[in-house]
Amino acid sequence: MSILLSLYLLLPLTSFGGENSLDKSFIDLQALSQDLKPIYEQFHQNPELSFHEEKTAAIFATELKKAGFQTTVSFGGWGVVGILKNNAGPTLMLRTDLDALPIEEETGLAYTSKQKQSSSKGGEVGVMHACGHDLHITNMIGVARALAQNRARWHGTVMIIGQPAEEKGAGARLMLDAGLFKKFPKPDYALALHVDASERVGKVTLLSGPITANVDSVDIIMKGRGGHGANPQQTIDPIPMTSELVLALQTLISREKDPSEPAVLTVGSFHSGSKHNIISNSAHLQLTVRTFNKETRENILEGIKRKARAIATSYQAPEPEITMSEEPVPSVVNDPKLVARLRPVFIKILGENNILGGRPWMVGEDFSRYALAGVPSVLFTLGSLSEARLKDYQRKGHVPSLHSSTYFPSPVEAMRVGINLMAESAFTLLND
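In structure tokens:
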């Protein structure tokens, strides 16, 4: 479908409280978003788990090529790098993630995912884009088209990356380790967005400083001595021992942490035993720890080890096994100067009342690694629900969250805003 790209890009989003369009060349965002809808539905219906994004990456790379980008595939796993040069000037990196989640979809959409993939634990699992990465990818295709066909409005280099394995916290590192900023121009700026499952279309969160948390995953195996359930005195029962640890760990948050410093410690999994009358040899805990402050993080991780060992000693049990089971994910810290440059752009499009502040998210995002590699970066959140859907959810008393089997965005409406914000931000930054 051919789209007239000499229309308005900065549409007068008056329904969101924004001002009228700037007097420049623009895109018909509504037509572009509608044109992208089948691509979005294709991504949604065919999700792929982390480290398996082969088909997703291939489609994304093809769309970048169609838009005029020089494209490199299979970079750092299934990563995609698209480069568009337009004379001398700054380099801007725009990033989307590619992977989906091991969740059985229950949205009831006509394009519901029916995909199954092998689980690392054996068997098959349902696969779903329950974190909005399908919208992120499609939105980025729209941004690529907008930038490629409005070159008169910017100069420099655009680097668009499709990053694998964000859900595992590994994709950014894989791409950097593969030489992302050595084989391609090191960006002067980096931007990314993430859908917000709890806000309506037209609302965005733009924070200066931390916007996501440090994430650490910890596995603990508490070792006992198994035996018959009728003779517990002959055993070291790992279940009461580990239950005591579960409660003790919470005092790391309530009694050992500065109350003004946000932190979360969640026990997500507790497994032990196989039968009614058998006392197991061990119990296995899986924890997630979320922090913003380096000292708080280190104190909590040290405290987990200290309490696990102390409780094991009190039960005369062997020393527990404590491992960092998944790659730690650093906090995303938005560059204050870059946020200050982008805020007027966001206000122009949406109106000041629709640019939200608030607290950082306790979620993890490995977009942080690009900033740690020396690139001033900004991640913002994009309201993804139509106003009617949000009101309906609120009336029913529950709004589906990210990673929920019933979450899905309102794609056309959300992309209309997401493409606008990304493209106009690019035009601003690529006019230095």
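Heads up: the sequence shown runs through residues 62 to 493, numbered per this note's numbering. Beta carbons are placed, not taken as given, at the ideal position from N, Cα and C, and that holds for glycine. Treat the numbers as computed from the prediction; the structure is a model and nothing was measured.
- Secondary structure note for residue 112: it is in no alpha helix (DSSP H), with a DSSP letter that is neither H nor E.
- With a cutoff of 7 Å on beta-carbon distance, residue 340 and residue 288 are scored as near each other.
- Runs of the beta strand (DSSP E) spanning 3 or more residues and lying entirely within the region 237-286 occur at 250-261 and 275-284, in chain order.
- Here the C-alpha atom of residue 216 lies approximately 6 Å from the C-alpha atom of residue 149.
- Residue burial annotation: residue 270 is exposed, with fewer than 16 other C-beta atoms found within 10 angstroms of its C-beta.
- If you check the CB distance, residue 191 and residue 468 come in under 7 Å.
- Setting aside the 5 residues that flank it on each side, residue 333 is surrounded in the same chain by 299, 300, 341 and 344, each with a C-beta closer than 6 Å to its C-beta; the list follows chain order.
- Nearest C-alpha to residue 411 among 278, 267 and 296: 267.
- Taking the CA atoms as reference points, residue 338 sits about 40 Å from residue 318.
- Given a length threshold of 3 residues, each whole run of the beta strand (DSSP E) inside the region 343-431 is given here in chain order: 343-352 and 382-385.
- Taking the CA atoms as reference points, residue 383 sits about 22 Å from residue 274.
- When DSSP states are grouped into helix, strand and coil, residue 492 belongs to the coil group.
- Secondary structure note for residue 147: its beta strand (DSSP E) is the uninterrupted segment 140-147.
- According to the DSSP assignment, residue 443 belongs to no alpha helix (DSSP H) but to the beta strand (DSSP E) extending over 438-446.
- According to the DSSP assignment, residue 168 belongs to no alpha helix (DSSP H), since it is labelled neither H nor E.
- Non-local beta-carbon contacts of residue 397 in its own chain, meaning distances under 8 Å to residues more than five positions away in sequence, involve 269 and 270 in chain order.
- Setting aside the 5 residues that flank it on each side, residue 422 is surrounded in the same chain by 273, each with a C-beta closer than 6 Å to its C-beta; the list follows chain order.
- Taken atom to atom, the span from the alpha-carbon of residue 394 to that of residue 258 is near 21 Å.
- In this structure, residue 378 sits near residue 285, with a CB-CB distance shorter than 7 Å.
- Beta-bridge partners assigned by DSSP to residue 162: 189.
- In summary, residue 160 is buried, with 16 or more beta-carbon neighbours lying within 10 Å of its beta-carbon over all protein chains present.
- Looking only at 401, 452 and 472, the smallest Cα-Cα distance to residue 441 is reached by 401.
- Our two residues, residue 185 and residue 448, have alpha carbons roughly 36 Å apart in a direct line.
- About 16 Å separates the Cβ atoms of residue 213 and residue 128, ruling out a contact at the 8 Å cut-off.
- The secondary-structure analysis by DSSP pairs residue 155 across a beta bridge with 221 and 252.
- Cβ-Cβ distances below 6 Å link residue 106 to 172 and 174 in the same chain, with the five nearest sequence neighbours on each side left out; the list follows chain order.
- The beta carbon of residue 221 is closer than 7 Å to those of 125, 130, 143, 155, 201 and 205 in its chain, skipping five residues each way along the sequence.
- Counting along the chain, residue 332 sits inside the beta strand (DSSP E) bounded by residues 324-333.
- In the same chain as residue 370, and ignoring 5 residues on each side of it, the C-beta atoms closer than 7 Å to its own belong to 380 and 381, in chain order.
- Excluding sequence positions up to five before and after residue 364, its CB lies within less than 7 Å of the CB of 313 and 317, all in the same chain and listed in chain order.
- The three-state secondary structure of residue 136, taken from DSSP, is strand.
- Exposed is the label assigned to residue 462, since fewer than 16 other Cβ atoms lie within 10 Å of its Cβ.
- Closest in C-alpha terms to residue 481, from the list 409, 464 and 492, comes 409.
- Straight-line spacing of the CA atoms in residue 276 and residue 260 works out to 24 Å.
- Here residue 223 is near residue 141, since their CB atoms are less than 7 Å apart.
- With contacts defined as CB atoms closer than 7 Å, residue 109 and residue 225 fail to qualify as a contacting pair.
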